[in-house]
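> To start, I am sharing the structure in question, which I have written as structure tokens.
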Amino acid sequence: MPPPTDAPAGPPAAPAPPAGRRPAPALPRSARRRAGWGRLPTAVRRGVLLAALIAAWQGYVSAAGVSPLVFAGPADVAAALVAGWAGGDLVAPTLTTLRLLGLGMLIGSVLALALTALAVGTRLGDDLLSLLTAMINPLPSVAVLPLAMLWFGLNETALVFVVANAVLWPMAVSLGTGFRTVPATTVAVGRSLGLRGWRLVRDIRLPAALPHTIAGVRTGWAFGWRTIIAAELVFGVAGARGGLGFYINDARYYLDIPNVFAGLVTIALIGIALDLLFTAVERRTVVRWGMREGAAT
Amino acid sequence: MTTTTGPRRRDVLRGGLGLLTGAAVVGPLAACSGPQEGSAASREVAIATGYGISFAPLTIIEARGWLEEALPDHTVSWQVLSGGSASRDGLLAGSLQAGTGGLAPFLLGVDSGVPWRIVSGLNNMPLWMVTLDDRIRSLADLTADDRVSSPQPGSIQSMVLARAAREEFGDPDRFTANLVAMPHPDALQALLSGQIAAAVTSPPFQYQAEEEGARVLLDSYEVFGGPHGFNVVTALEEYAEANPEVLEALHAAIGRARDLIADDPAEAARVLSEAEDGAIIPERYEDYLTREGIEFTTTPQGLADLGAFMAEIGEIDAAAAPADLVFPTVAGEPVS
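Chains as they are written, first to last, in this note's numbering: chain A, 264 to 560; chain B, 1180 to 1515.
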């Protein structure tokens, strides 16, 4: 037993203290936490939690006798995932979705960059961007899908348009903030060194705006990813060339619940993978350069 | 444990709040699908209908209040859904007591183990594939970029196209990649605005397309070699066991509506028009209702034939005997 502390701060100590939140260094509790759960590496803690969740999932399916017509257990889902990835049934939809997302993001990013450049350069552009983002940003991006379907038809162009629209505005906001908040001192130093014009932008403004740029790409990707899946659920671009949203919907039509789950797990895994990628990029750049505190994985 | 929470549970499921929520939600749902649901849920009868004159008998029953009349101690409600799988999901989730849909989604459900059967047939109807595109004169003119609508993958409309593709090109999957899923009204709009090249649809949408200048590429009666059933009313076996009187009442009311349509199509057309607040005038509905090949009936027909085709192309594993697919309500009729 640990020695009694003065007035216990917070809830009475449970056998497994709550994990996750970073402890304030001064609290005496932190010492106790290190002795148990908290001392394990993050990967182990999360792995154990994940395993427990999956076990609970399987236990629930086995014990509750829930109808396999509406719910699938982890074993079935794993089997469907393996079959889908080995047989290629999941590969093609995943590639389709990623291709559409990539194209949409590329177009959205270029437009965002152009709009931001205009906004940073001119007063009129600044007002225009502020007005446009204020008007369009609050719209859930998939809401423009009916219009896109009318304008472009039921094809990939409509999906790319919706994704580009989803990416453009949040990204433009982030980029704009990034460029506007470059410290005046930094710019003044650049000027003193004799930099001007494009070199000032390239060597001073762009790196200084990097934390916001990365945050912008990250937000853009998150918006785009949600949007493409939602849009594909509405209309998948049919058959063999459909994406993950279409895959899920198709599996639902055929009451193939394990495959519905397999599609969802694939979407989640890609989401996690891309998020890790951005975290890694941040670590290697803005965190290492001391522009931003390290984010928790 | 009452059905009033049914839709809300379903909504939560749909919202996809994650596995745990899903588990927490499906748990009680699965747990209460036992025999006690019969007594607790029997007060509420939610019935699915759909788009088009295929559902005319149900529209008439709803407008005339025939079910409320026959089941005075029940609450009857109606839901417009698109496609048989929406009905299937509603039945499985417990928010529907009677579903409707085409023959093909019904057979698909049976094949994947949905414990449901047919309460009553609704109609025999020719299903057309229509196009407004001058370039497309036959199936052979469809390219990989042409979109073709059907209500859903595995719908009877998709089967019509698959069968025609097999007859003509020896490949039932030739146009699978062209298909997009759309409810009939949306498909008609999409066809007229040029978003899709063709639509495999149903009355009256195919007639409305024809009025706008569309050409008929396929007629299901030709593809299947004769008239066939189109829509059926379904229920879960468990519910049927506990509530035979509801099924009987529903079947009887559909028969009554069938007689009304046959004896007095003008009156039936007036009811249909009124149910849509006059969006389509009664005279036009009367014309649609009396078109050649359209027949309202309580007898499901064409199950064996369509089942055999679906088994042949691998859409289902095995075709069941029609007699095993229906409830006693229609057992005395010439089900085929």
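Heads up, the beta-carbon is just placed ideally off N, CA and C, and yes, glycines get one too.
(1) I need the straight-line Cα distance from A509/A to D1496/B, nearest angstrom please.
(2) What would DSSP say about A1500/B, mapped onto helix, strand or coil?
(3) Should S1256/B and A1225/B be called a contact, given that it needs their Cβ atoms to be closer than 7 Å?
(4) With a threshold of 7 Å between beta-carbons, can D390/A be considered close to chain B, or not?
(5) For chain B, check one thing: does any of its Cβ atoms lie closer than 7 Å to the Cβ of L496/A?
(6) Which residues of chain A have a Cβ atom closer than 8 Å to the Cβ of P1332/B, listed in chain order?
(7) Quick check on R1267/B: buried or exposed, where buried means 16 or more other Cβ atoms within 10 Å of its Cβ?
(8) Do three or more CB pairs link the region 452–471 of chain A to the region 401–417 of chain A at distances below 8 Å?
(9) Beta carbon of Q1385/B, beta carbon of W1295/B: below 7 Å?
(10) Going by the DSSP bridge assignment, what does I1297/B pair with across the sheet?
(11) Touch check for the region 1302–1317 of chain B and the region 1470–1478 of chain B: three-plus C-beta pairs under 8 Å?
(12) How close, in whole Å, do the beta carbons of A355/A and P521/A come, if the pair is a contact with beta carbons under 8 Å?
(13) Can you list, in chain order, the residues of the region 520–551 of chain A whose Cβ is nearer than 7 Å to any Cβ on chain B?
(14) Can you grab the Cα-Cα spacing for the pair A1360/B / P1330/B, in whole Å?
(15) For W552/A, does the three-state DSSP call read helix, strand or coil?
(16) When Cβ atoms are compared, which residues of the region 402–436 of chain A fall closer than 8 Å to chain B?
(17) Could you please tell me which residues of the region 1264–1286 of chain B, in chain order, have their CB closer than 9 Å to any CB of chain A?
(18) What does the alpha-carbon distance come out to for the pair G388/A and F442/A?
(19) What span of residues does the beta strand (DSSP E) with D513/A cover, start to end?
(20) CB of L1306/B to nearest heavy atom of the ligand ZN: below 6 Å?
(21) Helix, strand or coil, according to DSSP, for A543/A in the structure here?
(22) In or out: V1259/B buried (at least 16 other Cβ within 10 Å) or exposed?
(23) Under the three-state reduction of DSSP, which class applies to I246/A: helix, strand or coil?
(24) Please list the terminal residues of the continuous alpha helix (DSSP H) segment that includes E1241/B.
(25) Nearest by alpha-carbon distance to E1241/B: which of Q1276/B, D1252/B and T1228/B is it?
(26) Grouping DSSP H, G and I as helix and E and B as strand, with all else coil, what is Q1331/B?
(27) Listed from N- to C-terminal order along the chain, which residues in the region 323–344 of chain A have their beta-carbon within a distance smaller than 9 Å of any beta-carbon of chain B?
(28) Do V1411/B and G1481/B have their beta-carbon atoms positioned less than 7 Å apart in this structure?
(29) Hey, would you say P1479/B sits closer than 7 Å to I1232/B, going by beta carbons?
(30) Cutting at 7 Å between CB atoms, please list the residues of its own chain near D1350/B, excluding the five before and the five after it.
(31) Would you grab the beta carbon distance between A1238/B and V1309/B for me? Rounded to a whole angstrom, and I think it's under 8 Å.
(32) Here's a check: name, in chain order, each residue in its chain whose Cβ is nearer than 7 Å to the Cβ of A1447/B, leaving out the five neighbours to either side.
(33) According to DSSP, simplified to helix, strand and coil, what is N1303/B?
(34) Under a three-way DSSP split, which group does M408/A fall into?
(35) Going straight from the alpha carbon of D390/A to that of A543/A, what length do you get?
(36) Does the contact criterion of 3 or more C-beta pairs under 8 Å hold for the region 1398–1408 of chain B versus the region 1358–1376 of chain B?
Here's the rundown:
(1) First, the residue type needs correcting, since residue 509/A is Phe and not Ala in the sequence shown. In this structure, the alpha-carbon of F509/A lies about 23 Å from that of D1496/B.
(2) In the structure shown, A1500/B sits in coil (DSSP, three-state: anything other than H, G, I, E or B).
(3) It is a contact, given that the beta carbons lie within the stated cut-off.
(4) No, its Cβ sits nowhere closer than 7 Å to a Cβ of chain B.
(5) So no, L496/A is outside the interface.
(6) Within chain A, D513, Y516 and Y517 have C-beta atoms less than 8 Å from the C-beta of P1332/B, given in sequence order.
(7) Burial of R1267/B is indicated by the presence of at least 16 other C-beta atoms within 10 angstroms of its C-beta.
(8) No, the region 452–471 of chain A does not touch the region 401–417 of chain A.
(9) No. Outside cutoff.
(10) DSSP lists T1413/B and V1505/B as the beta-bridge partner residues of I1297/B.
(11) At 8 Å Cβ cutoff, the stretches touch.
(12) Wrong, their Cβ atoms sit about 18 Å apart, outside the cutoff.
(13) So nothing in the stretch comes that close.
(14) One Cα belongs to A1360/B, the other to P1330/B, and the distance between them is close to 5 Å.
(15) When secondary structure is reduced to three states using DSSP, W552/A falls in the coil class, being assigned neither helix nor strand.
(16) Within the region 402–436 of chain A, the residues whose Cβ lies closer than 8 Å to some Cβ of chain B are M412, L413, G416, L417 and N418, listed in chain order.
(17) Flagged, chain order: S1264, R1267, D1268, L1271, A1272 and P1284.
(18) Taken atom to atom, the span from the alpha-carbon of G388/A to that of F442/A is near 14 Å.
(19) Here D513/A belongs to no beta strand (DSSP E); instead the alpha helix (DSSP H) covers L507 to Y516.
(20) This structure lacks the ligand ZN; in fact it carries no ligand of any kind.
(21) In the structure shown, A543/A sits in a helix (DSSP, three-state: H, G or I).
(22) Exposed, since its Cβ has fewer than 16 Cβ neighbours within 10 Å.
(23) Past the boundaries of the shown model lies residue 246/A; chain A is included only from 264 to 560, so the question cannot be answered.
(24) Per DSSP, the continuous alpha helix (DSSP H) segment holding E1241/B begins and ends at A1235 to R1243.
(25) Among Q1276/B, D1252/B and T1228/B, the Cα nearest to that of E1241/B is on T1228/B.
(26) In the displayed model, Q1331/B falls within coil according to three-state DSSP, outside both helix and strand.
(27) If you check each beta-carbon in the region 323–344 of chain A against every beta-carbon of chain B, the ones closer than 9 Å belong to Y323, V324, A327, G328, V329, S330, P331, L332, V333 and F334.
(28) Taking 7 Å as the Cβ cut-off, G1481/B and V1411/B do not qualify as a contacting pair.
(29) No.
(30) Within the same chain, A1344 come within 7 Å of D1350/B by CB-CB distance, once the 5 residues on both sides are set aside.
(31) In the sequence as presented, Ala is not what sits at residue 1238/B; that position holds Thr. Incorrect: roughly 23 Å between the Cβ atoms, too far for contact.
(32) For A1447/B, the CB contacts under 7 Å within the same chain, skipping 5 residues up- and downstream, are A1235, I1239, L1439, I1440 and L1468 in chain order.
(33) In the structure shown, N1303/B adopts extended strand secondary structure according to DSSP, grouped into three states.
(34) The sequence shown places Leu at residue 408/A, rather than the Met named in the question. Helix.
(35) Each residue's Cα considered, the two are about 35 Å apart.
(36) No, because fewer than three Cβ pairs between the region 1398–1408 of chain B and the region 1358–1376 of chain B fall closer than 8 Å, the two stretches do not touch.
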